[in-house]
Structure formats: structure tokens, C-alpha cells
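Take a look at the structure set out below.
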Amino acid sequence: MKIATWNVNSLSVRLPQVLDWLAANPVDALGLQELKQTEDKFPFVALQAAGYHAVAHGQKTYNGVAWLTRQPVQAVVRNIPGLVDEQARIIAATLDTPTGPLRLINGYFVNGQAPGTDKFAYKMRWLEALHAWVSAELAQHPRLLLLGDFNIAPEDRDSFDPEGLRGSIHHTPEERAQFQALLGLGLHDAFRLFEQPDKSFSWWDYRMLGFQKNRGLRIDHILVSAALRPAVAACSIDRTPRKNPQPSDHAPVVLTLA
DNA sequence: ATGACGGTGTGGCACCGA
Numbered sequence: 002m003k004i005a006t007w008n009v010n011s012l013s014v015r016l017p018q019v020l021d022w023l024a025a026n027p028v029d030a031l032g033l034q035e036l037k038q039t040e041d042k043f044p045f046v047a048l049q050a051a052g053y054h055a056v057a058h059g060q061k062t063y064n065g066v067a068w069l070t071r072q073p074v075q076a077v078v079r080n081i082p083g084l085v086d087e088q089a090r091i092i093a094a095t096l097d098t099p100t101g102p103l104r105l106i107n108g109y110f111v112n113g114q115a116p117g118t119d120k121f122a123y124k125m126r127w128l129e130a131l132h133a134w135v136s137a138e139l140a141q142h143p144r145l146l147l148l149g150d151f152n153i154a155p156e157d158r159d160s161f162d163p164e165g166l167r168g169s170i171h172h173t174p175e176e177r178a179q180f181q182a183l184l185g186l187g188l189h190d191a192f193r194l195f196e197q198p199d200k201s202f203s204w205w206d207y208r209m210l211g212f213q214k215n216r217g218l219r220i221d222h223i224l225v226s227a228a229l230r231p232a233v234a235a236c237s238i239d240r241t242p243r244k245n246p247q248p249s250d251h252a253p254v255v256l257t258l259a
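Shown next, in the form of C-alpha cells:
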């Protein structure tokens, strides 16, 4: 079983690349972020023709998340229950598998702009609400994945310039503490369960030849619960779509479960 | 310190992303 996450930076623009990628990488579930479209624009028909069911939580211009799955999902939740949030950043669903149900939580975490701003305060509130909710979800669904664009580089090795960017957005101690708090719930960063190349990143700035120079960040993550950890067989970042013409600035991250 | 690149909206650019 394969499960992936990809921030596509506008599904309207990236749909052909998503379809191409799925044809080459027929994963069982793909969590998308930054749809930048409302649900009425969502390409349900094209995805169905490609063999995928879809559930989406859309928003005009900004944000928006979706699950694409080979089999239909149940118990869909949009956004964090109890959190008043204008922005479409969470979609959760349950996928039945031969080895039992999987609770799949897909998030487009808040960017946060810079420490000290209102957006950073929103990011912290959002992360605290997420932590409380995921804790409750884990109690109900021990086989759980939390994946998506976290907008957090958890450690220095997840940044192309950890010294120069120390304390700046995606690198602050506050964000990293929230990431550790999620691990404290018993979740594991699937990518780090394996030996990985140095300077492994999932996002590169469009500007200044960021990808060509591998000036990137690892901010897209797949966390797995303790119950799933023994089943994790592989986790990798697929840089190939970033080489396409008109790419997303993010690359997919792919998890293999035995 | 700033802008660089790309997407969106209803624009003549601004805003946002990371």
C-alpha cells in the first residue's frame, strides 16, 4: 500500500501533472494541498476517469485540501472540529484496507509569514488546536497517518541554510516544539525511519534557481502512529515532478506500507 | 534590506506563498 502527499500549488494548473504522476505512481491514496479552488471547480470527473475517488475541502484563491483514493473513504472531516477557521486546511477520512482501517489526516499547515506577526500567532493557535484534535483522533483510530505540508523544517538538517535562517519562519523553536509535540503523541516521522541522502528537501523556492542549486527545505511530512510503524517499508521524496516545465514548488513524499 | 518566481483576482497591479 502506498500513500503520498503533494502540495500542488493550484490544482487547476497542475491537474495534468497530477494525472501523469498518478499514472506513473498508482498510489492508493494521495493527499493534495493548495488546491486554490472551490469544490465546484474540483476535477472529480477527470480523476474518476483515472481511477480515483476524491473528497475535497476547497477555497477560492488560497489553501484547499483533498484526498484522492483508489477505494472510497468514510467518515470525512473538514477542518479541525471546534476551531473557528475561515481557511480550508484539513481533510480527514477513513480508508478500509485488508489489514484494517486507516485514519488519514491531510493538512495544509499555516505558513505563518514571520515570528511576531498575526499570521504567526494564527499558526501557533492552529498548531495547538491540531495537536489536541489529533490526540483525540489517535484515541479513536490507532492506525493513523498525519501528512501534508507542515510548513515546518523540523531540524537543522531539513534546511539548506540552518544557520542563516535560524529563528526565521519554518525554523523557529516554537514551530519545532509543535512538531515535537506531535511526535510526542506517539507519531513517527516516516522519512526519518530510514537512512536518507543528505540535503533531502521537499520544497524549493521558484526564485534564484532554488531547485537547481538544491536550496530547499523539508517541510512536507508523513507521520505514522505507533501501531503503523512496524508496517512502514519505505518513505521517499520524488523530485522528478519538480523537474517538469511549470512545476509545483513542492515535491511529493511517498510512503510504502507493508 | 530588497528582490528574485509563480498563482490568483478583476488588475493596470497587489497579495500571498515559504
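Reading the first sequence from the start, the letters are residues 2 to 259 in the numbering used here. No residue lacks a Cβ here, since even glycine has one placed at the ideal position from N, Cα and C. Bear in mind that the values here come from a model prediction, so they are computed numbers and not experimental data.
For the pair Val9 and Val19, the CB atoms are nearer than the 8 Å cut-off. Secondary structure of Pro231 (DSSP, three-state): helix.
Along the length of the segment 49 to 95, whole beta strand (DSSP E) runs at least 3 residues long occupy 54 to 58, 66 to 70, 75 to 79, reported in chain order. Here the segment 68 to 78 makes no contact with the segment 120 to 130; the two share fewer than three CB pairs at distances below 8 Å.
Of the candidates Asp221, Leu84, Leu166, Thr100, the residue whose Cα lies closest to the Cα of Phe192 is Asp221. Under the Cβ criterion (8 Å, minimum of three pairs), the segment 168 to 188 counts as touching the segment 216 to 232. Per DSSP, the unbroken alpha helix (DSSP H) holding Pro174 starts and ends at 174 to 184. Look at Arg158 here: in three-state DSSP terms it is helix. Nearest to Ala115 by C-alpha distance, out of Gly168, Gly59, Asp206, is Gly168. In the structure shown, His132 falls within a helical segment according to DSSP collapsed to helix, strand and coil. Taking a cut-off of 8 Å for Cβ pairs, the segment 252 to 259 and the segment 170 to 180 do not touch, as fewer than three such pairs fall below it. DSSP, reduced to helix, strand and coil, places Arg104 within a strand of the structure shown. Inclusion of Gly65 and Glu35 in the CB contact set at 8 Å is warranted, their separation being smaller than that value. Boundaries of the beta strand (DSSP E) harbouring Ala30: 30 to 34, taken from the DSSP string.
Around the Cβ of Glu138, a 10 Å sphere holds 16 or more other Cβ atoms; the residue is buried.
Under the criterion of beta carbons closer than 8 Å, Arg104 and Ser249 do not qualify as touching, at roughly 26 Å.
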